[in-house]
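Read the structure below first, then the notes.
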Amino acid sequence: MKFWLIKAVLLIFSVGVVLCLGFGFYHQDLLITAVGILLIFCIILLALEYKKMDSNPFD
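For the sequence shown, position 16 (counting from the first letter as 1) is numbered 15 according to numbering that gives the first Met the number 0, and the numbering increases by one without interruption.
Below, the structure written as structure tokens:
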């Protein structure tokens, strides 16, 4: 997975959060927070795997 794709997903998520909070959908705060935490963990894991693959592709 390329880093530009990760940045695009983060941008879409950030815009969605701003729109939801801007329109007053406060009852979905817990859902937004949970999805954000999962997204951050996925990005961290993907970055670590990409770094490992980039450093030694034959491992």
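Glycine included, every Cβ here is placed at the ideal spot set by N, Cα and C. Nothing here was measured: the structure is a model prediction, and the numbers come from that model.
In three-state DSSP terms, what is residue i?
i	result
residue 12	helix
residue 22	coil
Smallest Cα separation from residue i: which of the options?
i	options	result
residue 15	34, 54, 52	34
residue 5	32, 40, 31, 54	40
- Query: If you pair each beta-carbon of the region 43-50 with each one of the region 8-18, do three or more pairs fall below 8 Å?
  - Reply: With a cut-off of 8 Å, the region 8-18 and the region 43-50 do not count as touching, because too few Cβ pairs lie within range.
- Query: At what residue ranges does the region 22-52 contain a whole run of the beta strand (DSSP E), taking only runs of 3 or more?
  - Reply: Scanning the region 22-52 from its first residue to its last, no whole beta strand (DSSP E) run of 3-plus residues comes out.
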